[in-house]
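Scroll down for the structure; my scribbles are underneath it.
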Ligand code: UDP
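Residue numbers (the working numbering): -14 to 247.
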């Protein structure tokens, strides 16, 4: 989408700041075409290496934003020798890397930015996914934050192909402009790729992982200091120790695979 795209292990990223991303998304909303936007994190990049369908899909999205400090680091280390890349990795918590990717843009931040702008521009939103009741609670929180917001529907459902027809009808009945899908990666991205064309009013669809869980208050986000120093994963490990394998993938396996693939 942006002129300058960079690739991390074959997954493209747009070299845009958070505010430029929002500007681009709102331009897309006024276009005649439909757009899939993804927020790949290190785990998704790893998954894509063993899943050609997922990789191809991430290469076809209109816009990809880096959801993870590991990706910002990888972008800055892309052309460095190994020793320099490792040094940059070690310095991450204290030194923001100079990188073609201006900043990390998490799914939660992007979600809130889009909701805020949508509330000012009368764009209609549908929230799909998460456990029963979570999308509805997310809607209530958003209505408190942004009183003008138009959330025209919520549905928990499942990413199973058997439910697609029903979900597609639910969405088409209320004609949203923006669709957020919270089924976790890669199910949500595959769901969007299979169904976007069947929902013609949806101009922008984005997979948002556990975002509804955070916004609805089901799960608390890390303190700002940890977010800013790239250590949000540490807080997540403390809060949800059962995620250790996923966190190890992001913090150990991804850097290792990236360094050895250069
Ligand atoms: N989820 C769902 N149906 C499924 C699998 C997952 O609604 O069949 C939801 C789950 O409740 C959670 C989100 O998908 O809200 C995925 O969260 P996860 O923590 O895996 O995503 P991440 O933020 O780590 O990408």
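Note that the Cβ used here is the ideal one computed from N, Cα and C, for glycine as well.
Here DSSP, grouped into helix, strand and coil, assigns residue -8 to strand. Close CB contacts of residue -4 within its chain, under the 8 Å cut and outside five residues either way in sequence, are with 25, 29, 30, 33, 40, 43, 44, 49 (chain order). Under the three-state reduction of DSSP output, residue 109 falls in the strand class.
With 16 or more other CB atoms across the displayed protein chains lying within 10 angstroms of its CB, residue 108 is buried. Look at the region 185 to 214 and you find these whole runs of alpha helix (DSSP H), each 4 residues long or longer: 196 to 200, 209 to 213.
DSSP, reduced to helix, strand and coil, places residue 90 outside both helices and strands of the structure shown, so it counts as coil. The ligand UDP has no heavy atom closer than 8 Å to the beta-carbon of residue 206. Excluding sequence positions up to five before and after residue 218, its CB lies within less than 8 Å of the CB of 232, 235, 236, all in the same chain and listed in chain order. In this structure residue 210 is exposed. Its beta-carbon is surrounded by fewer than 16 other beta-carbon atoms within 10 angstroms.
Here residue 64 is exposed, its C-beta having fewer than 16 other C-beta atoms within 10 Å. For the ligand UDP, a non-hydrogen atom lies closer than 8 Å to the CB of residue 144.
Relative to the ligand UDP, the beta carbon of residue 214 is positioned no closer than 8 Å to any heavy atom.
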